[in-house]
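To convert, take the position in the sequence shown, counting from 1, and add 877; that gives our numbering. We put the CB at the ideal spot given by N, CA and C, even for glycine. Step one of this worksheet: look at the structure below.
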Amino acid sequence: METPSSRWMATVASIWIQCSCGASYTFGIYSSVLKSTQSYDQSTLDTVSVFKDIGANAGVLSGLLYSSVTLRTARLRGPWVVHAAGAIQCFLGYFLIWASVVGLIPRPPVPLMCLFLFLAAHSQTFFNTANVVSGLENFPHYGGTIVGIMKGFLGISGAILIQVYDTLCKGRPSTYILMLALFPTFISLALMFFVRIYKATTGDDKRHLNGYSSVALVIAGYLMVLIILENVFTLPFWAQISTFILLLFLLASPLGISIKAQKEDTRRLQQTDSIDSNLLTESAEQITSQKFSSAEDPIEYHEVQGGVGGEGTSSVDKTLADAEHLNLLQAMRTVNFWLLFVAMICGMGSGLATINNMSQMGESLSYKTVEINNLVSLWSIWNFLGRFGAGYVSDYLLHTRGWARPLLMAITLATMTAGHVVIAFGFPGNLYMGSILVGICYGSQWSLMPTITSEIFGVRHMGTIFNTISIASPVGSYIFSVRVIGYIYDKEASGEDGTCHGTGCFMSSFLIMASVTFFGFLVAVALFFRTKRFYQLVVLRRLKHSLNDK
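In structure tokens form, the structure reads like this:
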């Protein structure tokens, strides 16, 4: 018999895989060596980078694979298959990039290098899908919290990998590419069999999940301090080694939480088995008594035995059952799917466009190099806080106030609108404040969107559906980065090298993005009102029944 406590070992394995698979966030480390060795101009490098962004967000195939291998009739069953597919892509993609950079193979044509980058980044969607969806199935009562934890660790994985680079191979970006081919692949292959789905629930899940959340906050705070220190001071080698070892200890700490939770669950399970054996005879007598009484009152018995889908089922039960069986095509026929997709184009797209142009914005406002590096490096921390915080807060509001999650999505999009306006008026310090607001709100979309997807369309095909909606991120980024920011920047540029200085370089662009994000806020409000009754009748009812069953 599979013990429910094994969910905790699955969780810590997923956390460690998430910490290793955010290589797409570190493209800036090796982009210069890629550009020089392949003789790319900036436009060609940007084209290659676009395929990286598409690969990291177009996870439809990973969702389809997850749905197929988690069916009872599948010959190869379990999330480990998805992890294995991701590991293969990760190794092949980054190994071929490394081989091209060091001259092990002839310089590939640009379309082939785009394929290499796409393949390498595409592996991230397989790791992420397996970890997020299995986490949701293992902790259905606290979907926002577990998605926030998984997405949060993915958000800071870029900062973790940069620490590995600074400690082991700083100044050797080609070696770092080889490390990306080996390190995430090894971690995922070593841990993938621990990532499994356990339907049983026992114990105080929330308390132990809060333990993981606390560890994540400590790691994020520690990384933020390291980033600031490294951008201001030059740390000696012994200090880099010491800080890196401390980071490894912090990353190992979730294992202690899992072991403690597993021991408590095992102890509680033993006590439950003892009580159940003592009450077995009494329960059998009660069932027999109920059958005799139901024979005297056939109408009442019929209502009790109807079950979901039976004649005695209420319309709410039928709605609940239908909500758990929507596949991708069925979901795409609903208005809610497209409302969510449009809201993500506005939120994710404008957020990604902001970070893609952070360095240029700092240069246009005459920020120092150290200040620009801080802005770029700290984005991963704000991104993490949004991913983690939105999941935790949305769970709290749903459990205590009954607030539907689309309401929090609307609030974050409204806040992101304010962040874009703050950046548009480039007064001293505005870029710092605006990047914090936009970064947190951008990260929150990556936590809220998958959870809302699972609640509205069901968990069974959630991997496919939320990965399809994730395509909104690169679509929006292309529109805002190329068609809005790039176009207006080139028109405003007055320098001989095509550079632009002053607040006018980005003001119009960010006012346009603020307007678009406000439209996204209105779309999210419409989604909230469309799903408000659904949350009250189905999601909260499902949650209440699940907690009572515990």
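First through last residue of the alpha helix (DSSP H) which encompasses V1270: Locating residue 1270 in the sequence shown gives position 393, counting from the first residue. For V1270, the uninterrupted alpha helix (DSSP H) segment begins and ends at T1246 to T1277.
Does R1419 come out as helix, strand or coil in the three-state DSSP assignment? Within the sequence shown, residue 1419 is the residue found at index 542, counting from 1. DSSP places R1419 in helix when its eight states are reduced to three.
Where do the ends of the alpha helix (DSSP H) carrying N1234 lie? Translated into the one-based positions of the sequence shown, residue 1234 becomes position 357. For N1234, there is no enclosing alpha helix (DSSP H), as DSSP gives it neither H nor E.
Just mark Y1042 as buried or exposed, buried being the case when its beta carbon has 16 or more other beta carbons within 10 Å. As a working note, residue 1042 is residue 165 in the sequence shown. Y1042 sits buried, since 16 or more C-beta atoms from the chains shown fall within 10 Å of its C-beta.
Please return the same chain residues whose Cβ sits closer than 7 Å to the Cβ of L1255, not counting the five positions on each side in sequence. In the sequence shown, counting from the first residue as 1, residue 1255 sits at position 378. Only M1101 and I1104 meet the Cβ criterion.
Looking only at its own chain, which residues have a Cβ that is under 7 Å from the Cβ of D1174, when we skip the five neighbours before and after it? Taking the sequence shown and counting its residues from 1, one reaches residue 1174 at position 297. In this prediction, D1174 has a pLDDT of 43, which is less than 50 and means its spatial position is unreliable; what the coordinates show is noted afterwards. If we look at D1174 and ignore the five residues flanking it on each side, it has no Cβ neighbours.
Pairing CB atoms from the stretch 1229 to 1243 with CB atoms from the stretch 983 to 990, are three or more of them under 8 Å? With the cut-off at 8 Å, the stretch 1229 to 1243 and the stretch 983 to 990 do not touch.
Option in M1027, W975 and A961 with minimal Cα separation from S1324: The residue you call residue 1324 lines up with position 447 of the sequence shown. Ranking M1027, W975 and A961 by CA distance to the CA of S1324 puts M1027 first.
Going along the chain, which residues of its own chain have a beta-carbon closer than 7 Å to the beta-carbon of Y1019, five neighbours each way excluded? The sequence position of residue 1019 within the sequence shown is 142, counting from 1. Counting only Cβ-Cβ distances below 7 Å, and skipping sequence neighbours, we find D1082, K1083, L1086 and D1272.
Given a cut-off of 8 Å, decide if F1405 and L1284 are closer than it, judged by their beta-carbon atoms. One-based indexing of the sequence shown puts residue 1284 at position 407. One-based indexing of the sequence shown puts residue 1405 at position 528. Going by C-beta atoms, L1284 is nearer than 8 Å to F1405.
Hey, G1320 and F1261: beta-carbon distance below 8 Å or not? Counted from its first residue, the sequence shown places residue 1320 at position 443. Counted from its first residue, the sequence shown places residue 1261 at position 384. Pairing G1320 with F1261 gives a Cβ-Cβ distance under 8 Å.
Would the stretch 912 to 932 count as touching the stretch 1340 to 1357 if we require 3 or more Cβ pairs under 8 Å? Result yes; three or more Cβ-Cβ pairs closer than 8 Å.
Can the beta-carbon of S939 be found closer than 8 Å to that of F1003? As a working mapping, residue 939 is identified with position 62 in the sequence shown. As a working mapping, residue 1003 is identified with position 126 in the sequence shown. S939 places its beta carbon less than 8 Å from that of F1003.
Straight-line gap, F1304 to I1389 (C-alpha atoms, nearest Å): Numbered from 1 along the sequence shown, position 427 holds the residue referred to as residue 1304. Numbered from 1 along the sequence shown, position 512 holds the residue referred to as residue 1389. Going from the Cα of F1304 to the Cα of I1389 covers about 18 Å.
What are the start and end residues of each continuous alpha helix (DSSP H) run of 4 or more residues lying completely inside the stretch 957 to 991, in chain order? For the alpha helix (DSSP H) assignment, the uninterrupted runs of no fewer than 4 residues enclosed by the stretch 957 to 991 are, from N- to C-terminal side, 957 to 979.
Please classify Y902 as buried or exposed, where buried requires at least 16 neighbouring CB atoms within 10 angstroms. Walking along the sequence shown from the start, residue 902 turns up at place 25. By the neighbour-count rule (16 or more Cβ atoms within 10 Å), Y902 is buried.
Compare the C-alpha of A1248 against each of A1349, I965 and G1306 and name the closest. For the purposes of this step, residue 1248 is identified with residue 371 of the sequence shown, where counting begins at 1. First, the amino acid is wrong: residue 1248 is Glu here, not Ala. Looking at the Cα atoms, G1306 is the closest of the given residues.
Decide if the stretch 1010 to 1024 is in contact with the stretch 887 to 896; the criterion is three or more beta carbon pairs, one per stretch, under 8 Å apart. By the Cβ criterion, the stretch 1010 to 1024 is in contact with the stretch 887 to 896, since at least three pairs of Cβ atoms, one from each stretch, lie closer than 8 Å.
Return the chain-ordered list of same chain residues with a C-beta closer than 7 Å to the C-beta of F1121, the five sequence neighbours on each side being excluded. Translated into the one-based positions of the sequence shown, residue 1121 becomes position 244. Q1040 and T1044, listed in sequence order.
Output the boundary residues of the alpha helix (DSSP H) element that contains C896. Looking up residue 896 in the sequence shown gives position 19. Start and end: S883 to S897.
DSSP three-state label for Y917, please. Here residue 917 refers to the residue found at position 40 when the sequence shown is read from its first residue. In this structure, Y917 counts as coil in the three-state DSSP scheme.
Determine the burial state of F1016: buried for a count of at least 16 other Cβ atoms within 10 Å of its Cβ, exposed for fewer. Residue 1016 sits at position 139 when you count from the first residue of the sequence shown. Residue environment: F1016 is assigned as buried (16 or more neighbouring CB atoms within 10 Å of its CB, all protein chains considered).
Local conformation of N1005 per DSSP, three classes: The residue labelled residue 1005 in the question sits at position 128 within the sequence shown. Under the three-state reduction of DSSP, N1005 is assigned to helix.
With 16 as the cutoff for other CB atoms within 10 Å, does A1067 come out buried or exposed? Here residue 1067 refers to the residue found at position 190 of the sequence shown. Under this definition A1067 is an exposed residue.
V1072 by DSSP, collapsed to three states: which one? Here residue 1072 corresponds to residue number 195 of the sequence shown, with the count starting at 1. Shown here, V1072 sits in coil according to DSSP, grouped into three states, outside any helix or strand.
Thinking G1428 and G1035 are a contact (beta carbons under 8 Å), I'd like their distance in whole angstroms, please. There is no way to answer for residue 1428, as the model of the chain reaches only from 878 to 1427.
With a cut-off of 8 Å on the beta carbons, I'd call T1277 and Q1322 a contact; round off their distance for me. One-based indexing of the sequence shown puts residue 1277 at position 400. One-based indexing of the sequence shown puts residue 1322 at position 445. 23 Å between Cβ atoms; not a contact.
Whose C-alpha, out of D918, G970, T1211 and F1126, is nearest the C-alpha of W893? As a position in the sequence shown, residue 893 is number 16, starting the count at 1. Of the listed residues, the one whose Cα sits closest to W893 is F1126.
Residues in its own chain within less than 6 Å of I1317 by CB, not counting five upstream and five downstream? Here residue 1317 refers to the residue found at position 440 when the sequence shown is read from its first residue. Hits under 6 Å: W1259, L1262 and G1263.
May I ask which residues mark the beginning and end of the alpha helix (DSSP H) holding T1408? Counting from 1 along the sequence shown, the entry for residue 1408 is found at position 531. Its alpha helix (DSSP H) spans residues M1384 to F1411.
The ligand HEM heavy atoms versus the CB of L1404: any closer than 7 Å? The ligand HEM is not among the ligands present in this structure, which contains no ligands whatsoever.
L1106 by DSSP, collapsed to three states: which one? The residue given as residue 1106 occupies position 229 in the sequence shown. Residue state, collapsed to three classes: helix.
If we count the other Cβ atoms within 10 Å of its Cβ and call it buried at 16 or more, is L1197 buried or exposed? Along the sequence shown, read from residue 1 onward, the residue named residue 1197 stands at position 320. The predicted position of L1197 is uncertain, since its pLDDT is 47 and thus under 50; no value can be drawn from it.
Between Q1139, L911, Q895 and L1031, which lies nearest to S977 when the distance is taken from Cα to Cα? For the purposes of this step, residue 977 is identified with residue 100 of the sequence shown, where counting begins at 1. Nearest C-alpha to S977: L911.
Within the continuous alpha helix (DSSP H) that includes V1299, where are the two ends? Against the sequence shown, residue 1299 aligns to sequence position 422. Boundaries of the alpha helix (DSSP H) around V1299: R1282 to A1301.
Check N1204 in the structure and name its three-state DSSP category. To locate residue 1204, count along the sequence shown from 1; it is residue 327. Coil, per DSSP.
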